[in-house]
Every structure is written in C-alpha cells, then in structure tokens.
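Just below is one structure, and these are the notes that go with it.
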Amino acid sequence: MMTDLTNLTVAQIRDGHRAGDFSAVEVAEAFNANVAGAKALNAFIVETPDHAIAAAKAADADRAAGTLKPLSGVPIGMKDLFCTNGVQTTAASHMLEGFVPRYESTVSQKLWDAGAGMLGKLNLDQFAMGSSNETSYFGNVISPWRRKDGGNAALAPGGSSGGSSSAIAARLCPAATGTDTGGSIRQPAAFTGISGIKPTYGRCSRWGIVAFASSLDQAGPMARDVRDCAIMLENMAGFDPKDATSLNLPVPNWEAALSSDLKGKTVGIPKEYRLDGIDPDIDAMWDAGIAMLKDAGANVVEISLPHTKYALPAYYIIAPAEASSNLARYDGVRYGLRDLPQGAGLQDMYAATRADGFGPEVKRRIMIGTYVLSAGFYDAYYTQAQKVRTLIARDFEQAFASCDVILAPTAPSAAFGLGEKMADPLAMYLNDVFAVPASLAGLPAMSVPAALNREGLPLGLQIIGKAFDEQGVLNAGLAIEERAGFTARAEKWW
Amino acid sequence: MAIDQATVRKIASLARIAISDAEAAAMEGELNGILGWVEQLGEVDVTGVEPMTAVIPNRLRLREDVVDADPLTGGNRRDDILANAPAPQHGFFGVPKVIE
Numbered sequence: 001m002m003t004d005l006t007n008l009t010v011a012q013i014r015d016g017h018r019a020g021d022f023s024a025v026e027v028a029e030a031f032n033a034n035v036a037g038a039k040a041l042n043a044f045i046v047e048t049p050d051h052a053i054a055a056a057k058a059a060d061a062d063r064a065a066g067t068l069k070p071l072s073g074v075p076i077g078m079k080d081l082f083c084t085n086g087v088q089t090t091a092a093s094h095m096l097e098g099f100v101p102r103y104e105s106t107v108s109q110k111l112w113d114a115g116a117g118m119l120g121k122l123n124l125d126q127f128a129m130g131s132s133n134e135t136s137y138f139g140n141v142i143s144p145w146r147r148k149d150g151g152n153a154a155l156a157p158g159g160s161s162g163g164s165s166s167a168i169a170a171r172l173c174p175a176a177t178g179t180d181t182g183g184s185i186r187q188p189a190a191f192t193g194i195s196g197i198k199p200t201y202g203r204c205s206r207w208g209i210v211a212f213a214s215s216l217d218q219a220g221p222m223a224r225d226v227r228d229c230a231i232m233l234e235n236m237a238g239f240d241p242k243d244a245t246s247l248n249l250p251v252p253n254w255e256a257a258l259s260s261d262l263k264g265k266t267v268g269i270p271k272e273y274r275l276d277g278i279d280p281d282i283d284a285m286w287d288a289g290i291a292m293l294k295d296a297g298a299n300v301v302e303i304s305l306p307h308t309k310y311a312l313p314a315y316y317i318i319a320p321a322e323a324s325s326n327l328a329r330y331d332g333v334r335y336g337l338r339d340l341p342q343g344a345g346l347q348d349m350y351a352a353t354r355a356d357g358f359g360p361e362v363k364r365r366i367m368i369g370t371y372v373l374s375a376g377f378y379d380a381y382y383t384q385a386q387k388v389r390t391l392i393a394r395d396f397e398q399a400f401a402s403c404d405v406i407l408a409p410t411a412p413s414a415a416f417g418l419g420e421k422m423a424d425p426l427a428m429y430l431n432d433v434f435a436v437p438a439s440l441a442g443l444p445a446m447s448v449p450a451a452l453n454r455e456g457l458p459l460g461l462q463i464i465g466k467a468f469d470e471q472g473v474l475n476a477g478l479a480i481e482e483r484a485g486f487t488a489r490a491e492k493w494w
Numbered sequence: 001m002a003i004d005q006a007t008v009r010k011i012a013s014l015a016r017i018a019i020s021d022a023e024a025a026a027m028e029g030e031l032n033g034i035l036g037w038v039e040q041l042g043e044v045d046v047t048g049v050e051p052m053t054a055v056i057p058n059r060l061r062l063r064e065d066v067v068d069a070d071p072l073t074g075g076n077r078r079d080d081i082l083a084n085a086p087a088p089q090h091g092f093f094g095v096p097k098v099i100e
C-alpha cells in the first residue's frame with residue numbers, strides 16, 4: 001500500500017473500499033494512528049479507536065456480503081455536542097464531565113446506520129459558545145496552520161466546531177459533524193482551509209444534540225471538499241418526529257445532482273458586507289470569487305441587505321436568551337455535576353453547581369440572557385431583537401427575488417492567534433459578523449476555502465442560499481472549489 | 001441603561017449562579033459593554049413588524065396518542081434516566097432536604 005489512506009476524501013474512501021483497493025480496517029487503523037499521534041492539537045476529548053475498528057470490520061463484512069451502505073468504511077469525527085450512547089458527552093464543559101448518555105442523537109445514529117465509524121469525540125467551545133475554541137474546559141484546540149512568518153504562534157482553529165476543523169485539516173479524520181448556531185461550522189472551516197455547510201434550519205434533527213439556542217442550532221457536516229459535504233449531509237439530514245422543528249421533507253440526493261455549471265443562475269453580492277477598514281486580502285478574495293462564479297456562467301448583481309449591521313446585536317440578545325433558558329436544566333439533580341457545599345440547601349446547591357460547572361463565557365451569556373428576559377426589560381431587548389430578526393429574514397427574502405445565491409466572505413479575518421481576542425468578548429463576537437445573518441434567517445450557507453492570505457493562512461468564501469436550496473449552495477461552492485484550486489495544507493509540526 | 005453591581009448580583013441570583021464580589025465587579029464592566037452595544041437595536045424602526053416566532057414556517061405536530069409510541073422517549077426507562085444522576089436514591093433523584 002503506497003497511498004497514504006488519510007489523504008483520501010470521503011468519496012475516495014467510499015469508492016476505493018467498494019472497489020476493493022483497500023480494506024475498511026486499514027483505513028480505520030491509519031486514521032486511528034493519526035489521531036493518536038496528534039495530541040498536541042487537542043482536537044479530541046475522547047478517542048474511540050475501537051468504535052472505528054468495529055464499524056470497519058462490519059464494513060468489510062458488508063462488502064463481502066454485497067450489502068454495502070452509503071458510508072461503509074468511512075471513519076469520522078463526532079463533535080462532542082452530539083449524545084453518543086455509552087460514550088462520554090461533555091459539550092466541552094465541566095458540568096457534563098463524566099456524563100455518559102444512554103441514548104444516541106438522531107444525527108449520529110443516522111451516520112452509524114449509514115456505515116460510518118467514530119474516531120472520537122471532538123473538542124469544541126464550551127456549550128458551543130465561542131469563536132476560537134478557547135472556552136473548552138478541556139483546553140484549547142490548536143490549529144494545524146501556522147503563519148509563514150517563521151514564528152510558531154498557536155492559532156485558533158475557529159469555533160465552536162474547532163476540534164472538527166482542526167482534525168480535518170490535520171488529516172485526523174476525513175469528515176466530521178459540526179453544529180452552527182451563529183457561524184460555528186462556517187467560521188472554523190474558513191480558518192482551517194476546509195469546507196462546511198449549515199443546512200436550512202430543520203434539515204437535521206436537533207434531538208440528542210446538547211442545546212444552545214434552539215431556534216438557531218443546526219447540525220451540518222465539515223469535510224475537505226464540497227462533494228464530501230454533500231455525501232455527509234445526505235446521511236445526517238431527514239425528518240425526525242422527536243424534534244418539533246424538524247422539516248418533514250424528503251432528503252434530496254445532493255451528491256448526484258452536483259453541478260458547477262451556473263448558467264442561468266444569478267449571484268447576489270450584498271453591498272452592506274463591504275466593511276470599512278477590512279483586511280484587503282478578504283476583499284481581494286471576495287472579488288476573485290465573483291470572477292470565478294462569472295466564469296462558471298453565473299450572472300452577478302449587487303443586492304442590499306439593509307439590516308445587516310443589526311444582525312450581530314440581535315443575535316447576542318436572542319442566542320443568550322435561549323441559552324439562559326436551555327441551560328437552566330443543569331441543576332445538579334438529574335445529571336452532570338453536583339456541588340453540594342457543607343450544610344447547603346437546594347437553592348445553594350443549584351448556585352454552587354452552576355458556579356462551578358460553567359465557564360466564564362457560558363456564565364456571561366446566561367447572565368445576559370437572564371437580564372434581557374427579566375421583567376421590565378423583555379420588550380425593550382428580547383421582543384425588539386425578535387422584530388429585528390423578522391426584518392433580517394425579510395431582507396434575504398427580498399434579495400432572493402433577484403438572485404439565486406449570495407456570495408460573501410465567511411469571516412472578516414484569517415485565523416487569529418490564541419489569546420488575541422479573549423480579553424474582549426465584543427471583539428470575539430464581531431468575528432461572526434458575516435455568518436450570523438444567515439443563521440438568524442435559518443438559511444443554508446456554506447464556506448469553501450478560496451485563497452491564502454499574505455501570512456499563508458486560509459480564507460473562506462461563504463455561499464448563502466434560499467431556504468431548502470442546499471443544492472444551489474453546494475453547486476456554487478463546487479464552482480468556486482474547481483476554480484480556486486485550493487490544495488494548500490498545513491505543514492506537519494505536531 | 002447601565003447596570004450596577006447590585007443588578008449583576010440580582011441577575012446572578014435569578015440565574016442561580018453563585019458569584020463572588022470580585023466576579024460581580026468584573027462582570028459589571030463586561031455586561032455593560034455588551035448591553036451598551038446591543039442597545040443600537042433601539043434605533044431600528046419596527047413599526048408594524050411582528051417578532052419572529054419560527055424561522056422556517058412549520059406547523060407543530062401532534063403525535064399519535066399511543067403509550068410508548070417511541071420506546072426511546074416512552075416510559076419504563078428508570079434505570080437509564082437515573083444512570084447519570086449524581087445522587088440517586090431508592091429509584092429517585094436525591095436532593096438535599098427541602099422540608100424541615
């Protein structure tokens with residue numbers, strides 16, 4: 001075997017396994033070895049090599065029996081926000097340290113049913129709250145990328161799905177699950193030179209995913225290319241009666257319908273996303289992306305999303321409000337941490353448990369959410385934010401009257417150094433300025449790697465589509481992927 | 001509207017999070033920074049605009065009125081439910097004494 005199996009994409013592993021070029025066990029062993037050898041990245045909270053091997057043996061048996069499944073032979077990483085039966089699930093929090101679910105999330109179950117195996121549970125920002133993976137109780141995830149300035153500054157892999165992005169970029173897994181509440185799939189994908197798609201709200205069941213902000217939370221895949229995202233998404237999406245907001249729609253065959261021919265399609269360029277003082281590398285990449293889509297046959301028009309500047313402040317009311325409600329469940333009674341000071345009553349136990357179990361960013365958001373929902377402030381903050389959210393969704397609706405997809409940068413910068421933004425929560429929040437509007441409107445959106453900046457770090461382009469039109473998003477992403485020819489990868493130092 | 005440390009402690013109490021005086025002092029600045037920033041929403045004209053309730057139009061469903069229709073979320077799972085409880089007792093969740 002001359003090929004390094006860990007350089008293969010999901011599609012190549014699937015097809016190569018099917019053709020008998022290698023066994024699934026060989027694939028699983030190769031990725032297990034990469035995972036075991038990459039502790040310096042801290043991408044995994046729990047490694048599950050046995051799960052990957054067991055699924056691989058089943059895949060090899062299925063091949064012999066002629067009963068191959070869509071993801072037979074493909075080992076993946078699972079963000080530690082998805083409950084996995086019998087495997088610790090922490091949301092990267094002290095609160096859930098040692099929590100071992102007795103059930104499986106719908107999305108992870110679908111992936112196992114499709115034949116995938118699990119390499120481990122991936123690190124993330126605590127309760128998915130963060131944009132740099134610095135809020136995990138289990139330590140920072142480090143990006144495999146480094147600036148080409150000769151320094152060895154540790155860079156953020158993005159967040160909250162930073163374990164997923166780091167692991168894929170470092171070839172520890174060919175694909176992984178992510179979740180996106182306000183950019184948590186797209187921004188880490190952009191920071192690490194990989195692809196990721198957040199589907200339409202409701203495509204993937206939220207059942208068994210540790211809740212952050214339920215009206216925004218949406219699972220999606222992260223992988224090295226657009227095709228792999230399509231394959232993964234097909235095996236994650238689908239109606240689930242256990243999620244009240246699950247979409248009762250058939251899952252399209254996105255992979256089979258992939259086409260980078262954009263003739264007859266119109267791409268909208270939102271003028272409000274041209275920010276004053278933004279890194280010129282970001283604008284240059286955006287302009288290059290516009291040229292690529294024109295080259296693919298698309299017509300390009302300027303559009304306006306007038307309420308863009310209000311998306312982030314609205315998000316930072318709505319998401320914390322929902323989080324304060326969702327995270328009320330961590331009370332030290334039914335599961336998770338209990339901190340019972342000597343002689344304490346029930347109320348003191350709640351307060352001590354939550355003081356000990358939540359990290360600073362989680363507490364900050366619970367506090368903000370509690371305040372904006374409290375008597376006397378509810379209308380001024382929460383209702384106002386929900387009205388602005390209506391206007392943001394309406395902006396998109398009106399824009400999509402004259403275009404099929406929207407092209408914008410994924411993030412306003414390349415990956416920043418660990419520690420650079422931790423002192424100022426607001427500066428950290430602003431990194432999601434381009435990602436949050438599509439989340440508030442529930443729209444499908446993906447990031448594809450488009451260029452390297454002058455420091456040699458990856459930059460991502462974002463495609464936002466109409467509700468239910470993941471295909472349009474994937475196709476435009478493919479058109480960029482084919483033209484950008486992004487093949488750069490982080491040089492191994494770990 | 002700026003919040004003071006007394007308000008921070010009030011919010012923490014509503015959120016059932018114990019905080020020290022030092023934490024309350026630090027949080028006063030952070031929360032004021034964030035709340036001051038979100039206040040720009042007040043300048044948006046929302047006359048006649050309904051607050052968003054569902055981002056994708058979707059009707060709430062009723063399940064069939066069947067006991068244990070889904071065994072995962074139905075009954076008879078006591079041991080599973082208690083498996084992660086910090087202090088289960090006699091098949092119940094144990095808590096500190098609440099009635100004298």
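First to last, the sequence lines map onto chains A and B.
For the first sequence, full-length UniProt numbering begins at 1 and goes up steadily by one.
For the second sequence, full-length UniProt numbering begins at 1 and goes up steadily by one.
All C-beta atoms, glycine included, are put in the ideal place defined by N, C-alpha and C.
Counted within 10 angstroms of its Cβ, other Cβ atoms place residue i as buried (16 or more) or exposed
i      : result
B/H90  : exposed
A/A223 : buried
B/A69  : exposed
A/W207 : buried
A/Q347 : exposed
A/M1   : Confidence at A/M1 is low in this model, with a pLDDT of 49, below 50, so the placement of that residue should be treated as unreliable; the coordinate-derived value is given next. With fewer than 16 other Cβ atoms within 10 Å, it is exposed.
B/F92  : exposed
A/T14  : Checking the sequence, you will find Arg at residue 14 of chain A rather than Thr. With 16 or more other Cβ atoms within 10 Å, it is buried.
B/V98  : exposed
Any C-beta of chain C under 7 Å from that of residue i
i     : result
B/V67 : Of the protein chains in the structure, A and B, none is chain C.
Beta-carbon spacing of residue i, residue j below 7 Å
i                      : j      : result
A/A296                 : A/L258 : no
A/V210                 : A/A311 : no
A/A169                 : A/S136 : no
B/Q5                   : A/P313 : no
A/Q109                 : A/V100 : no
A/G139                 : A/N42  : yes
A/P320                 : A/R365 : yes
A/T200                 : A/F22  : no
A/E438                 : A/A445 : In the sequence as presented, Glu is not what sits at residue 438 of chain A; that position holds Ala. It is a contact, given that the beta carbons lie within the stated cut-off.
residue 497 of chain A : A/F31  : The structure shown does not extend to residue 497 of chain A, since chain A spans only 1 to 494, so no value can be given for it.
residue 495 of chain A : A/M232 : Residue 495 of chain A lies beyond the residue range present for chain A, which begins at 1 and ends at 494; the question has no answer from this structure.
B/A83                  : A/R102 : yes
A/G117                 : A/A55  : yes
For residue i, the first and last residue of its enclosing beta strand (DSSP E)
i      : result
A/K271 : Careful: A/K271 lies outside any beta strand (DSSP E) and carries neither H nor E.
A/P144 : Looking at the DSSP string, A/P144 is not in any beta strand (DSSP E), and its letter there is neither H nor E.
A/N299 : N299 to I303
A/K57  : Taken as a continuous stretch (DSSP letters only), A/K57 belongs to no beta strand (DSSP E), being part of the alpha helix (DSSP H) at P49 to A65.
A/A223 : Q218 to A223
Of the listed residues the options, nearest to residue i (C-alpha basis)
i                      : options                           : result
A/T410                 : A/S402, A/M428, A/S447 and A/A441 : A/S447
A/P425                 : A/L119, A/G77, A/E134 and A/K57   : A/E134
residue 513 of chain A : A/D279, A/P101, A/T192 and A/A328 : Nothing about residue 513 of chain A can be read from this structure; chain A reaches only from 1 to 494.
A/I480                 : A/A427, A/A288 and A/K363         : A/A288
A/Y429                 : A/T370, A/Y315 and A/S374         : A/Y315
A/M129                 : A/P280, A/S164, A/F212 and A/A284 : A/F212
A/F127                 : A/W254, A/S214 and A/L443         : A/S214
A/D228                 : A/N253, A/K242, A/P341 and A/Q386 : A/N253
A/F396                 : A/L337, A/G117 and A/G465         : A/G465
A/P270                 : A/G182, A/Y381, A/A399 and A/N235 : A/A399
A/N391                 : A/R186, A/V46, A/S402 and A/L440  : The residue you asked about is not Asn; residue 391 of chain A is Leu in the sequence shown. Comparing Cα positions, the closest option is A/L440.
A/E302                 : A/A408, A/Q187, A/A59 and A/T67   : A/A408
B/D80                  : A/D125, A/A64 and A/E104          : A/E104
A/L478                 : A/L461, A/F377 and A/R454         : A/L461
A/D432                 : A/W493, A/N453, A/V25 and A/T308  : A/T308
B/P96                  : A/R338, A/L327, A/P188 and A/A328 : A/R338
A/K265                 : A/D283, A/A401 and A/P341         : A/A401
Residue interval of the alpha helix (DSSP H) (run including residue i)
i      : result
A/E26  : A24 to A36
B/I19  : No alpha helix (DSSP H) contains B/I19, which DSSP labels as neither H nor E.
A/T177 : Run containing A/T177: none in the alpha helix (DSSP H); it sits in the beta strand (DSSP E), A175 to D180.
A/K363 : P360 to L373
Chain-ordered residues of the segment 2 to 17 of chain B with a beta carbon less than 9 Å from chain A:
I3, T7, V8, K10, I11, A12, S13, L14, A15, R16 and I17
Residues in the segment 272 to 293 of chain A with C-beta within 7 Å of chain B's C-beta atoms, listed in sequence order?
none
By the 8 Å beta-carbon criterion, what residues does the segment 42 to 76 of chain B contribute toward chain A?
G42, V44, V46, V49, E50, P51, M52, T53, A54, V55, I56, N58, L60, R61, R63, D70, L72 and T73
For the segment 19 to 37 of chain B, which residues have a beta carbon sitting closer than 8 Å to at least one beta carbon of chain A?
I19, M27, E30, L31, G33, I34, L35 and W37
Can you pull out the residues from the segment 81 to 115 of chain A whose beta carbon lies closer than 7 Å to at least one beta carbon of chain B?
F99, V100, R102 and Y103
Select from the segment 78 to 95 of chain B all residues with a C-beta closer than 9 Å to any C-beta belonging to chain A, and list them in chain order.
D79, D80, I81, L82, A83, N84, A85, P86, A87, F93, G94 and V95
Can you give me, in chain order, the residues of the segment 182 to 201 of chain A that have a beta carbon less than 7 Å from any beta carbon in chain B?
T200 and Y201
Check distances from the C-beta atoms of the segment 398 to 430 of chain A to those of chain B and list, in chain order, the residues that come in under 9 Å.
D424, P425, L426 and Y429
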